[in-house]
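Since the structure comes first, as structure tokens, the remarks are kept for the end.
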Amino acid sequence: MITGYQQVKLIIVLSLVMFVLPRMGLSSELENFALHKPATGNGGTGQGNYDLLTDGDTEKRYLGGPTEVQVDLEEIYTFNIIKIWHYWLDGRAYHDNKVAISEKDLFRGEEVVVFDSRVDGEYHETATGKTIMFKPTKARYIRAWVNGSTANKWSHWVEIQAFYDPKVQPVGTGKKLSAIWGRLKSKY
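So in the working numbering, spot 103 of the sequence shown is number 103, and the numbers just go up one at a time.
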């Protein structure tokens, strides 16, 4: 039997899923700077090929194998949104999930880390992908890492996209919401 408290929680969750989350999608008018751009990685692929990362298809086809992938945008763009998809059909979460951008193909300290699951927390994969928002930054390269998942030790990549939307304001500060909330609660 569902209690009144559980009913309220269910209504809130359903409202978010039905009304709020669909409106958080990106405008279809935005240019995907990564579309059909070359992608590489750190090793062979167990399934698929690197072209799958930037083909615009966010459905079930995936690249399996590499723990590190990189997209070369072929020129420097200013952007503030990265959308990334891993295999999502079973809602798994990927470990050591990190995304960084750079103007140079070095990634030796000059890069800007825009997401790190060790700081921002792991998340469960969904069909809508992970939207990472940050202040507008110039970059040519997008590099991403994962190290297995809650389902198995393998890495699976579906799609990486990059956008600039002048209306988007980054919602996070790169720290867990719970840590921020804890600091706010302690002040009041």
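Built from N, CA and C at the ideal position, the CB exists for glycine as well. These numbers were taken from a predicted model, which means no experiment stands behind them.
Buried versus exposed call for residue i [16 or more other C-beta atoms within 10 Å across all chains shown]
{"i": "residue 89", "result": "exposed"}
{"i": "residue 54", "result": "buried"}
{"i": "residue 73", "result": "buried"}
{"i": "residue 80", "result": "buried"}
{"i": "residue 37", "result": "buried"}
{"i": "residue 162", "result": "buried"}
{"i": "residue 152", "result": "exposed"}
{"i": "residue 46", "result": "exposed"}
{"i": "residue 139", "result": "buried"}
{"i": "residue 119", "result": "exposed"}
{"i": "residue 159", "result": "buried"}
Contacts around residue i, its chain only, beta-carbon distance under 7 Å, and the 5 residues preceding and following it disregarded
{"i": "residue 149", "result": "92, 93, 94 and 95"}
{"i": "residue 23", "result": "Caution applies to residue 23, whose pLDDT of 41 falls short of 50 and renders its modelled position unreliable; the value that the coordinates give is listed next. Result list for residue 23: empty, nothing under 7 Å."}
{"i": "residue 48", "result": "61, 62, 63 and 64"}
{"i": "residue 43", "result": "65 and 66"}
Beta-carbon contacts of residue i that lie in its chain and below 6 Å, excluding the five residues immediately before and after
{"i": "residue 190", "result": "Summary: the structure shown does not reach residue 190, with the chain confined to residues 1 through 188, and so no result is reported for it."}
{"i": "residue 124", "result": "91 and 93"}
{"i": "residue 112", "result": "101 and 137"}
{"i": "residue 115", "result": "99 and 132"}
{"i": "residue 83", "result": "129, 131 and 161"}
{"i": "residue 156", "result": "62, 64, 86 and 87"}
{"i": "residue 105", "result": "141"}
One or two residues paired with residue i in a DSSP bridge
{"i": "residue 61", "result": "The partner list for residue 61 (beta bridge, DSSP) is empty, contrary to what the question assumes."}
{"i": "residue 81", "result": "133 and 163"}
{"i": "residue 71", "result": "39 and 142"}
{"i": "residue 101", "result": "112 and 142"}
{"i": "residue 157", "result": "63 and 86"}
Secondary structure of residue i, DSSP reduced to three states
{"i": "residue 54", "result": "helix"}
{"i": "residue 149", "result": "strand"}
{"i": "residue 119", "result": "helix"}
{"i": "residue 95", "result": "coil"}
{"i": "residue 169", "result": "coil"}
{"i": "residue 21", "result": "Here residue 21 scores only 43 on pLDDT, less than 50, and its place in the model is too uncertain to base an answer on."}
Cα-Cα separation between residue i and residue j, rounded to whole angstroms
{"i": "residue 131", "j": "residue 166", "result": "15 Å"}
{"i": "residue 59", "j": "residue 117", "result": "23 Å"}
{"i": "residue 141", "j": "residue 109", "result": "14 Å"}
{"i": "residue 129", "j": "residue 87", "result": "9 Å"}
{"i": "residue 189", "j": "residue 35", "result": "Limits of the chain in this structure are 1 at one end and 188 at the other, which puts residue 189 out of reach."}
{"i": "residue 76", "j": "residue 3", "result": "54 Å"}
{"i": "residue 126", "j": "residue 170", "result": "21 Å"}
{"i": "residue 164", "j": "residue 121", "result": "24 Å"}
Own chain residues within Cβ distance below 8 Å of residue i, not counting five before or after
{"i": "residue 50", "result": "38, 39, 40, 41, 63 and 69"}
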